[in-house]
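Numbering (my numbering), first residue to last: 39 to 157.
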């Protein structure tokens, strides 16, 4: 029974996305890290919250479509566009509004309670 639970957990963690007729798999379940500067190497499924002294101005993470582009989102209220993030007690992260890439891969998605939701 324990093996069955592990198998179910694994398959629930895989998100399948179809793009241009090709099925791609993504591991869902984003985590986050507070950093002073965006690292040179961006790890998959990590949202970097960039800032210092409890003042955060940017979010950075790898595009989930597989194009390996870095997505940078502004957190400053006085500029447009800007995003908000929420950290829940169980260490889940939500970003709002949705992220829609107008250049490159044209992905459109949400990160809601650490899960990737395609639009």
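Glycine included, each C-beta is placed from N, C-alpha and C at the ideal position.
Cross-strand partners of residue i (DSSP beta bridge)
i, result
"residue 87", "72, 97"
"residue 157", "BP columns for residue 157 are empty, so no partner."
Of the listed residues the options, nearest to residue i (C-alpha basis)
i, options, result
"residue 127", "152, 90, 137", "152"
"residue 117", "140, 136, 95", "95"
"residue 139", "88, 81, 157, 150", "157"
"residue 75", "105, 110, 136, 101", "110"
"residue 115", "105, 106, 93, 67", "93"
"residue 108", "86, 125, 124", "86"
"residue 113", "137, 154, 155", "137"
Extent of the continuous beta strand (DSSP E) to which residue i belongs
i, result
"residue 119", "Note, residue 119: premise wrong, no beta strand (DSSP E); not H, not E."
"residue 134", "131–138"
"residue 146", "146–150"
"residue 109", "108–112"
CA-to-CA distance, residue j to residue i, given in whole angstroms
i, j, result
"residue 83", "residue 103", "11 Å"
"residue 130", "residue 97", "15 Å"
"residue 122", "residue 77", "21 Å"
"residue 99", "residue 91", "21 Å"
"residue 120", "residue 89", "15 Å"
"residue 53", "residue 145", "Any answer about residue 53 is weak, because its pLDDT of 47 lies below 50 and its placement is not dependable; what the coordinates show is given next. Distance between the alpha carbons of residue 53 and residue 145: 15 Å."
"residue 59", "residue 143", "Model confidence at residue 59 stands at a pLDDT of 48, short of 50, so the residue's coordinates are unreliable; what they give is reported in the following sentence. In a straight line, the C-alpha of residue 59 is about 14 Å away from that of residue 143."
"residue 62", "residue 101", "Bear in mind that the predicted position of residue 62 carries a pLDDT of just 44, short of 50, making it unreliable; the figure below should be weighed with that in mind. Cα to Cα, the separation comes out at about 13 Å."
"residue 148", "residue 68", "11 Å"
"residue 150", "residue 41", "29 Å"
"residue 79", "residue 133", "22 Å"
"residue 106", "residue 154", "16 Å"
"residue 125", "residue 135", "15 Å"
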